[in-house]
Amino acid sequence: MRHWLMKSEPERFSWDDLRASPRRTTVWDGVRNYQARNLLRDEIRKGDGVLFYHSNANPPAVVGTATVARAGYPDPSQFDPESRYHDPKFDPENPRWFVVDIRADRALRTPVGLPELREARGLEKMVLLRRGSRLSVQPVTATEWKIILRLGGLAPRKA
DNA sequence: GCCAACGTTGGC
DNA sequence: GCCAACGTTGGC
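Following the working numbering, the numbering of the first sequence begins with 6 at its first residue and continues without gaps.
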């Protein structure tokens, strides 16, 4: 399985919101960036691991892990005129935006804040920490995953 | 295809 | 709230 990091502003949709969702699962919709779209559509598989990251928080932090419950499919919100994510240029034959479903897995015992991530050995090359990096869905290596779970107080193995 | 203007993200 | 970095749009 591969690993990913997904950003969400807690004001908009938090880790607790995910845990409170039916079956602890939600549609990861509204991604409107082509690079992230390509990951959602082409790369992310059912069963992959997700680090749930709170952006625009104090401090920004990885707060929990989730599992991809369903691989990429067209984002329903692009077709919905009522949705804030509605894309007026949509073509039903050729959907532009994609989603995955994710299910909350484990909360970190202690959230791992951005300053701590920056200081941790082995995370120097994380996409998240790259200058100017804004990707809201991004790859995480298996090593980075293990390091962050350990920093968060979780044993790396168990589900 | 260039690039200026504009919009968004996200740390601080 | 500020603003740097980045992405997108659209005139030409």
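Quick reminder that beta carbons are idealized off the backbone N, C-alpha and C, glycines included. Quantities reported herein were computed from a predicted structural model and do not represent experimental measurements.
Sequence-distant residues of the same chain with beta carbon closer than 7 Å to residue i, five excluded per side
i, result
"residue 159", "111, 113, 114"
"residue 78", "103, 104"
"residue 95", "83, 84, 101"
"residue 45", "36, 77, 103, 104, 105, 142"
"residue 138", "132"
Length of the line joining the Cα atoms of residue i and residue j
i, j, result
"residue 136", "residue 37", "21 Å"
"residue 92", "residue 141", "19 Å"
"residue 156", "residue 117", "7 Å"
"residue 152", "residue 127", "8 Å"
"residue 150", "residue 81", "30 Å"
"residue 34", "residue 147", "25 Å"
"residue 14", "residue 41", "16 Å"
"residue 132", "residue 119", "12 Å"
"residue 18", "residue 130", "27 Å"
"residue 22", "residue 66", "16 Å"
"residue 145", "residue 39", "18 Å"
Residue nearest to residue i in terms of C-alpha spacing, selected from the options
i, options, result
"residue 109", "25, 134, 7, 34", "25"
"residue 50", "31, 152, 40, 75", "75"
"residue 6", "154, 48, 30, 67", "48"
"residue 73", "67, 8, 148, 129", "8"
"residue 71", "18, 11, 134, 133", "11"
"residue 90", "32, 44, 120", "32"
Close beta carbons around residue i, own chain, < 6 Å, minus the five adjacent residues each side
i, result
"residue 63", "none"
"residue 122", "128"
"residue 57", "20, 68, 69, 71"
"residue 106", "30, 32, 74, 75"
"residue 55", "9, 11, 71, 107"
Residues that DSSP places opposite residue i in a beta bridge
i, result
"residue 49", "Partner(s): none; residue 49 has no beta bridge."
"residue 107", "31, 73"
"residue 118", "66"
"residue 1", "Lying outside 6 to 164, the shown extent of the chain, residue 1 is not represented and no answer is given."
"residue 142", "11"
Residues near residue i in its chain [Cβ-Cβ closer than 8 Å; skip 5 each side]
i, result
"residue 16", "61"
"residue 52", "6, 72, 73"
"residue 97", "84"
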